[in-house]
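Plus 279 on top of the position in the sequence shown (first one is 1) and you've got my numbering.
Where a beta carbon is used, it is the ideal one built from N, C-alpha and C, also for glycine.
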Amino acid sequence: MAPILEVSDLVTRFYTFDGVVHALNGVSFDLQAGETLAIVGESGSGKSVTMMSLLHLLPMPPARIEGGSALFHDDSGTIDLLKLNRAEISRVRGGRIGFIFQDALSALNPVMTVGRQIAESLERHLGLGHEQCRRRVVELLEKVGIPGAKQRYRNYPHQFSGGMRQRVMIAVAMACNPKIVIADEPTTALDVTVQAQIVELTQQLQRELGIAVIWITHDLGVVAGIADRVLVMYAGRPVEIAPVDDLYDHPGHPYTIGLLEALPRMDAAGSKRLISIEGSPPDLMAPPAHCQFAWRCRYAFERCWNEVPPQVSVGPQHHITCFYDVNRERPRDNV
Ligand SMILES: Nc1ncnc2c1ncn2[C@@H]1O[C@H](COP(=O)(O)OP(=O)(O)OP(=O)(O)O)[C@@H](O)[C@H]1O
Ligand code: SF4
Ligand SMILES: [Mg+2]
Numbered sequence: 280m281a282p283i284l285e286v287s288d289l290v291t292r293f294y295t296f297d298g299v300v301h302a303l304n305g306v307s308f309d310l311q312a313g314e315t316l317a318i319v320g321e322s323g324s325g326k327s328v329t330m331m332s333l334l335h336l337l338p339m340p341p342a343r344i345e346g347g348s349a350l351f352h353d354d355s356g357t358i359d360l361l362k363l364n365r366a367e368i369s370r371v372r373g374g375r376i377g378f379i380f381q382d383a384l385s386a387l388n389p390v391m392t393v394g395r396q397i398a399e400s401l402e403r404h405l406g407l408g409h410e411q412c413r414r415r416v417v418e419l420l421e422k423v424g425i426p427g428a429k430q431r432y433r434n435y436p437h438q439f440s441g442g443m444r445q446r447v448m449i450a451v452a453m454a455c456n457p458k459i460v461i462a463d464e465p466t467t468a469l470d471v472t473v474q475a476q477i478v479e480l481t482q483q484l485q486r487e488l489g490i491a492v493i494w495i496t497h498d499l500g501v502v503a504g505i506a507d508r509v510l511v512m513y514a515g516r517p518v519e520i521a522p523v524d525d526l527y528d529h530p531g532h533p534y535t536i537g538l539l540e541a542l543p544r545m546d547a548a549g550s551k552r553l554i555s556i557e558g559s560p561p562d563l564m565a566p567p568a569h570c571q572f573a574w575r576c577r578y579a580f581e582r583c584w585n586e587v588p589p590q591v592s593v594g595p596q597h598h599i600t601c602f603y604d605v606n607r608e609r610p611r612d613n614v
């Protein structure tokens with residue numbers, strides 16, 4: 280598979296009255312065509328800021344993207360998303376890259392019918408005429424499982440339930456045959472059964488349309504069933520990236536191990552006490568010049584308090600940012 284997106288060394292800061300928030304401190308990852316990459320991490324780890332940086336959705340100021348590149352490859356060539364101007368990114372956003380947010384009610388325009396909102400995107404990105412748009416909107420609403428699509432077309436967002444609104448968001452995201460869909464906590468506000476339906480719908484459309492999906496969540500439990508690979512973020516840096524089975528079976532970073540230990544396991548024999556990771560993430564206004572996880576890490580040794588660990592490869596697609604080899608229980612000698 281060829282990468283469709285290559286993000287390298289993304290650095291984003293917020294210049295606030297209280298100080299500079301070092302939100303992203305060198306985020307690198309790639310996304311292959313058609314795959315699902317899950318991005319997980321605690322609240323504030325930089326999951327949303329990563330995606331908002333790529334799509335130019337951050338308020339500037341206070342945000343400033345201070346470094347990095349985000350190469351997007353498709354049939355029309357390669358572009359660096361970070362270098363696009365306002366008009367250029369708005370042609371990509373909602374067209375070749377779709378997105379789904381947690382809160383559909385605030386993401387959708389409350390005073391415009393649902394049909395009109397999808398049609399606008401089709402007109403802008405695909406240049407479809409009125410009748411073609413109407414047919415395609417009804418087809419899309421049917422595809423995402425909105426009953427009575429022909430009538431619901433004229434309804435406003437508040438006339439839909441939370442789950443149905445999220446389906447509409449998916450229709451908007453998929454409308455223009457995107458190459459990538461970014462879903463930022465798309466199921467967090469929904470109850471469990473509706474969550475499962477939305478996950479299933481996204482997967483079904485992804486398979487049908489061959490779209491690559493970036494699925495952002497703070498819940499490692501959701502990831503097992505949906506992701507091909509997982510990127511674990513901590514304090515604005517990726518700390519581990521691996522194929523999903525590898526990550527669950529052989530986690531290499533102490534933070535990932537902590538997240539997995541905190542997960543309830545249905546298959547665990549007996550009743551194992553849930554462990555939570557003690558302590559809290561560092562203050563991003565005063566990031567340390569050493570491993571950001573050191574205060575909370577049970578494996579921390581002297582070097583961890585003096586240097587920032589680089590990323591190392593521990594398998595063909597498995598990379599971690601740590602000085603310690605947890606499997607061999609000793610510091611790595613190749614870092
Ligand atoms: N507009 C802003 N001004 C200042 N700091 C901000 C702003 N937006 C985000 N940040 C900071 O950037 C960091 C990363 O935030 P981000 O929203 O990406 O976290 P997240 O991983 O998506 O968390 P969550 O799981 O809660 O959604 C946090 O420290 C956050 O406080
Ligand atoms: S570098 Fe050291 S402190 Fe950081 S996660 Fe690895 S072992 Fe823990
Ligand atoms: Mg977020």
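Original post:
Is the CB-CB distance between VAL416 and TYR432 below 8 Å?
Top reply: Mapped onto the sequence shown, residue 416 falls at position 137. Mapped onto the sequence shown, residue 432 falls at position 153. Yes. Within cutoff.
**OP:** Going by DSSP, name the residue or residues bridged to TRP494.
**Re:** Taking the first residue of the sequence shown as 1, we reach residue 494 at position 215. According to DSSP, which records beta bridges pairwise, TRP494 is partnered with ALA317, ALA462.
Original post:
So the alpha helix (DSSP H) THR535 belongs to, where does it begin and stop?
Top reply: To locate residue 535, count along the sequence shown from 1; it is residue 256. From DSSP, the alpha helix (DSSP H) with THR535 extends over 533–540.
Original post:
Which residue comes first and which comes last in the beta strand (DSSP E) that contains THR329?
Top reply: Numbered from its first residue, the sequence shown carries residue 329 at position 50. Premise fails: THR329 lies in the alpha helix (DSSP H), 326–333, not in any beta strand (DSSP E).
**OP:** Anything with a beta carbon under 5 Å from a heavy atom of ligand 2 counts; list them all in chain order.
**Re:** Counting only beta-carbon distances shorter than 5 Å to the non-hydrogen atoms of ligand 2, the qualifying residues in chain order are PRO533, CYS570, PHE572, ALA573, CYS576, TYR578, ALA579, CYS583, PRO588, CYS601, PHE602, TYR603.
Original post:
If we ignore side chains and look at the alpha-carbon of each, how far apart do ARG375 and GLY558 end up?
Top reply: Against the sequence shown, residue 375 aligns to sequence position 96. Against the sequence shown, residue 558 aligns to sequence position 279. Rounded to whole angstroms, ARG375 and GLY558 show a C-alpha spacing of 41 Å.
Original post:
Quick one: is THR357 buried, meaning 16 or more other Cβ sit within 10 Å of its Cβ, or exposed?
Top reply: Working through the sequence shown from its first residue, we reach residue 357 at position 78. The residue in question, THR357, is exposed, as its Cβ has fewer than 16 Cβ neighbours within 10 Å.
**OP:** Give the single residue among ALA503, GLY515, ALA491 whose Cα lies nearest to the Cα of LEU542.
**Re:** Against the sequence shown, residue 542 aligns to sequence position 263. For the residues ALA503, GLY515, ALA491, the minimum Cα distance to LEU542 belongs to ALA503.
**OP:** Report the rounded CA-to-CA distance for GLU421 versus ASP604, giving the unit in angstroms.
**Re:** Your numbering for residue 421 matches position 142 in the sequence shown. Your numbering for residue 604 matches position 325 in the sequence shown. ASP604 has its alpha-carbon roughly 51 Å from the corresponding atom of GLU421.
**OP:** From the DSSP output, in three-state form, read off SER322 for me.
**Re:** The residue you call residue 322 lines up with position 43 of the sequence shown. SER322: coil per DSSP, three-state reduction.
**OP:** Output the distance between the C-alpha atoms of ARG517 and VAL523, rounded to the nearest integer angstrom.
**Re:** Taking the sequence shown and counting its residues from 1, one reaches residue 517 at position 238. Taking the sequence shown and counting its residues from 1, one reaches residue 523 at position 244. Rather than Arg, the amino acid found at residue 517 in this sequence is Pro. Roughly 15 Å separates the two Cα atoms.
Original post:
If ARG611 sits next to VAL587, beta carbons under 8 Å apart, how far is it from one beta carbon to the other, in whole angstroms?
Top reply: Locating residue 611 in the sequence shown gives position 332, where the first residue counts as 1. Locating residue 587 in the sequence shown gives position 308, where the first residue counts as 1. Their Cβ separation, rounded to whole angstroms, is 15 Å, which puts ARG611 and VAL587 out of contact at 8 Å.
Original post:
Does any heavy atom of ligand 1 sit closer than 7 Å to the C-beta of HIS497?
Top reply: The count along the sequence shown starts at 1 and reaches residue 497 at position 218. Yes, ligand 1 has a heavy atom inside 7 Å of this Cβ.
**OP:** Return the first residue and the last residue of the alpha helix (DSSP H) that ALA452 is part of.
**Re:** Position 173 of the sequence shown, counted from the start, is the residue given in the question as residue 452. 441–453 is the extent of the alpha helix (DSSP H) around ALA452.
Subject >> Beta-carbon gap between LEU284 and ILE397 smaller than 8 Å >> reply: Counting from one through the sequence shown, the residue named residue 284 turns up at place 5. Counting from one through the sequence shown, the residue named residue 397 turns up at place 118. Contact: no.
Original post:
Going by DSSP, what residues sit across from PHE378 in a beta bridge?
Top reply: In the sequence shown, the residue the question calls residue 378 occupies position 99. According to DSSP, which records beta bridges pairwise, PHE378 is partnered with ILE461.
Original post:
Is the closest heavy atom of ligand 1 to the C-beta of PHE378 under 7 Å?
Top reply: In the sequence shown, the residue the question calls residue 378 occupies position 99. No, since every heavy atom of ligand 1 falls outside the 7 Å radius drawn around the Cβ of PHE378.
Original post:
Is the closest heavy atom of ligand 1 to the C-beta of ARG293 under 7 Å?
Top reply: Sequence index remark: in the sequence shown, residue 293 carries index 14 (1-based). Position check: residue 293 holds Phe in this sequence, whereas Arg was assumed. When distances are taken from the beta-carbon of PHE293 to the heavy atoms of ligand 1, the shortest one is below 7 Å.
Original post:
Mind checking whether ALA506 and LEU316 have CB atoms under 8 Å apart?
Top reply: For the purposes of this step, residue 506 is taken as the residue at position 227 of the sequence shown. For the purposes of this step, residue 316 is taken as the residue at position 37 of the sequence shown. At the C-beta level, ALA506 and LEU316 come within 8 Å of one another.
**OP:** Determine the closest residue to GLY377 out of THR600, PRO465, VAL299, with distance taken between C-alpha atoms.
**Re:** Walking along the sequence shown from the start, residue 377 turns up at place 98. Comparing Cα-Cα distances from GLY377 to each of THR600, PRO465, VAL299, the minimum goes to PRO465.
Original post:
For the beta strand (DSSP E) that GLY504 lies in, which residues bound it at each end?
Top reply: The residue given as residue 504 occupies position 225 in the sequence shown. For GLY504, no beta strand (DSSP E) encloses it, and the DSSP letter there is neither H nor E.
**OP:** With a cut-off of 8 Å on the beta carbons, I'd call ALA514 and GLY313 a contact; round off their distance for me.
**Re:** Mapped onto the sequence shown, residue 514 falls at position 235. Mapped onto the sequence shown, residue 313 falls at position 34. With a Cβ gap of about 31 Å, ALA514 and GLY313 do not count as contacting.
**OP:** State buried or exposed for THR295, treating a residue as buried only when at least 16 other CB atoms are found within 10 Å of its CB.
**Re:** Here residue 295 refers to the residue found at position 16 of the sequence shown. It counts as exposed.
Subject >> Top-ranked residue by Cα proximity to GLY531, from VAL390, ASN606, HIS335 >> reply: Numbered from 1 along the sequence shown, position 252 holds the residue referred to as residue 531. The alpha carbon of GLY531 has as its nearest neighbour, out of VAL390, ASN606, HIS335, the alpha carbon of ASN606.
**OP:** Taking 8 Å as the cut-off, decide whether the C-beta atoms of LEU310 and ILE493 are in contact.
**Re:** Residue mapping note: residue 310 aligns to position 31 of the sequence shown, counting from 1. Residue mapping note: residue 493 aligns to position 214 of the sequence shown, counting from 1. It is a contact, given that the beta carbons lie within the stated cut-off.
Original post:
Does the Cβ-Cβ distance between GLY346 and VAL290 come in under 8 Å?
Top reply: Counted from its first residue, the sequence shown places residue 346 at position 67. Counted from its first residue, the sequence shown places residue 290 at position 11. Contact check for GLY346 against VAL290 passes: the beta carbons are separated by less than 8 Å.
Subject >> Minimum C-alpha distance to ILE368 - residue among MET443, LEU334, SER385 >> reply: If you number the sequence shown from 1, residue 368 lands on position 89. Ranking MET443, LEU334, SER385 by Cα distance to ILE368 puts LEU334 first.
Original post:
For HIS437, is the classification buried or exposed, using 16 other Cβ atoms within 10 angstroms of its Cβ as the cut-off for buried?
Top reply: If you number the sequence shown from 1, residue 437 lands on position 158. By the neighbour-count definition (other C-beta atoms within 10 Å, threshold 16), HIS437 is an exposed residue.
Original post:
Which residues share a DSSP beta bridge with TYR513?
Top reply: Sequence index remark: in the sequence shown, residue 513 carries index 234 (1-based). The partner list for TYR513 (beta bridge, DSSP) reads ARG516.
Original post:
Measuring CA to CA, which of VAL328, GLY594, ASN304, ILE477 is closest to ARG444?
Top reply: Along the sequence shown, one-based indexing puts residue 444 at 165. Nearest option by C-alpha distance: ILE477.
Original post:
Hey, how far is the Cα of LEU499 from the Cα of VAL319?
Top reply: For the purposes of this step, residue 499 is taken as the residue at position 220 of the sequence shown. For the purposes of this step, residue 319 is taken as the residue at position 40 of the sequence shown. Their backbone Cα atoms lie some 7 Å apart in a straight line.
**OP:** Would you kindly check if the distance between the Cβ of GLY537 and the Cβ of ILE556 is under 8 Å?
**Re:** On the sequence shown, residue 556 is found 277 positions in, with the first residue counted as 1. On the sequence shown, residue 537 is found 258 positions in, with the first residue counted as 1. Their beta carbons are under 8 Å apart, which means ILE556 touches GLY537 by this criterion.
Original post:
Thinking just about the alpha-carbon of each residue, which of PHE351, PRO561, LEU407 is nearest to the one in ALA302?
Top reply: Here the question's residue 302 lines up with position 23 in the sequence shown. It is PRO561 whose Cα lies nearest to the Cα of ALA302.
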